[in-house]
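Worksheet: one structure, shown below.
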Amino acid sequence: MVDNVASDRVVIGKISGVYGVKGWVKIHSFTEPMENFLGYKSVSTKLNGRLTTIEFDKSHKHGKGLVGHIVGCDDREMARNYTRCELSVAADQLPELRDDEFYWRDLEGLQVYSQFEEGEEVLLGAVHHLIETGANDVLVVHHCEHAIDDRERLIPYLPEQVVLDIDLEQGRITVNWDPEF
């Protein structure tokens, strides 16, 4: 995202399709748990290249997902214009986390150091993104300047077992991970 307004926003969901004939849409939530999305009545999306605010006057869980009605959108064809739109909120609208919790966006870009051997520390790379596997989240670590090699690494996000320390101020994560993996 290029402009400051967009970079201060966090994508919390996406409209995945239309639902019914009266302007309802299917919402794929990126929040955890997914129902947390329902706490946001006003979100933003890009329509025709412009950041636009949309409001949901009704929304609820439906089956394995969520559905919502956009204010002023009262037919299926109008709702179809919103399909595939990402839904975002201002970063300061996100709930406060405990000291031992982190948003994925806060971990992206942090340098990852391995303390596999006692007393020896090596730079493995930087967190490019994270993926959810069901069992646990995974740090996808890509090469960065001064890294020991140019390999991509998939490191399980297992606090205390693999992830030993996260220091946002220093921009680093310390892991117990064999650099050969």
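So the sequence shown is numbered by the numbering used here: it starts at 33 and just counts up by one. Just so you know, even glycine gets a beta-carbon here, dropped at the ideal spot from N, CA and C.
Here G100 is buried. Its C-beta has 16 or more other C-beta atoms within 10 Å.
With respect to the 8 Å criterion, L79 and C105 are not classified as neighbours on the basis of their beta carbons.
Spanning the alpha carbons of L156 and V170 requires a straight line of approximately 15 Å. In the DSSP secondary-structure assignment, R130 is not bridged to any residue. Shown here for M110: same chain residues with a beta carbon closer than 7 Å to its own, the five before and five after excluded, namely G55 in chain order. Excluding the 5 residues flanking it on each side, V195 has same chain C-beta neighbours closer than 7 Å at Y189, I205, V207, in chain order.
Membership of D138 in the alpha helix (DSSP H) is indicated by the continuous run 136 to 139. In this structure, DSSP gives E87 an extended state, which the three-state scheme calls strand. Annotated as distal: T77 and L126, with beta-carbon spacing of 8 Å or more. A residue is called buried once 16 or more other Cβ atoms fall within 10 Å of its Cβ, and Q202, having fewer, is exposed. In this structure, V154 sits away from V173, with a CB-CB distance that is not shorter than 8 Å.
Following the DSSP letters along the chain, one finds E109 inside the alpha helix (DSSP H) bounded by residues 108 to 112. When C-alpha distances from I163 are compared across K58, E140, G49, the shortest belongs to E140. Within the DSSP bridge table, the entry for A158 names Q143, H174 as partners. Residue pairing by DSSP leaves V103 without any beta bridge partner.
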